[in-house]
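S.K.: Numbering (UniProt numbering), first residue to last: 1 to 108.
1. What are the boundary residues of the beta strand (DSSP E) that residue 91 is part of?
2. Candidates 9, 21, 10: which alpha carbon is nearest residue 60's?
3. Starting from the C-beta of residue 16, find all residues in its chain whose C-beta is less than 7 Å away, skip the five residues before and the five after it, and write them out in chain order.
4. Hey, how far is the Cα of residue 14 from the Cα of residue 81?
5. When the distance is taken between beta carbons, is residue 90 closer than 7 Å to residue 71?
6. Measure the CB-CB distance between residue 77 and residue 54 and report whether it falls below 7 Å.
Okay, here's the thing in structure tokens:
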């Protein structure tokens, strides 16, 4: 697994992430370029498929539960991340959100 953030433009990453949040679809499905094609851009047909992974969309707050032990906050968005997954059969981009705890951590 490699990380190359320049493969997908920042605006496209934001648009795809927002679209996944708006439609509240989980589990996600790969968005193949030939299905989402724009007839004016032939190069886009040969781009890598994109998978937007946001498991928190099914919750009311549209954010995942905090992973810090004892914390019940709704984490805030820290950054959008992109990973390029290389498999034997194909290579595809995975978009996901990195969250940060907003609550007070309790020392146990």
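A virtual CB, placed ideally from N, CA and C, is assigned to each residue, including glycine. Keep in mind it's a predicted model, so treat the numbers as computed, not measured.
M.R.: In this structure, then:
1. Here residue 91 refers to the residue found at position 91 when the chain shown is read from its first residue. Residues 91–100.
2. In the chain shown, the residue the question calls residue 60 occupies position 60. Of the listed residues, the one whose Cα sits closest to residue 60 is 21.
3. The count along the chain shown starts at 1 and reaches residue 16 at position 16. Once the five neighbours on either side are set aside, the close Cβ partners of residue 16 are 50, 52, 95.
4. Here residue 14 corresponds to residue number 14 of the chain shown, with the count starting at 1. Here residue 81 corresponds to residue number 81 of the chain shown, with the count starting at 1. Residue 14 and residue 81: Cα-Cα distance of roughly 10 Å.
5. For the purposes of this step, residue 71 is identified with residue 71 of the chain shown, where counting begins at 1. For the purposes of this step, residue 90 is identified with residue 90 of the chain shown, where counting begins at 1. Cβ atoms of residue 71 and residue 90: not closer than 7 Å.
6. Translated into the one-based positions of the chain shown, residue 77 becomes position 77. Translated into the one-based positions of the chain shown, residue 54 becomes position 54. No; because the gap between Cβ atoms is not below 7 Å, this pair is not in contact.
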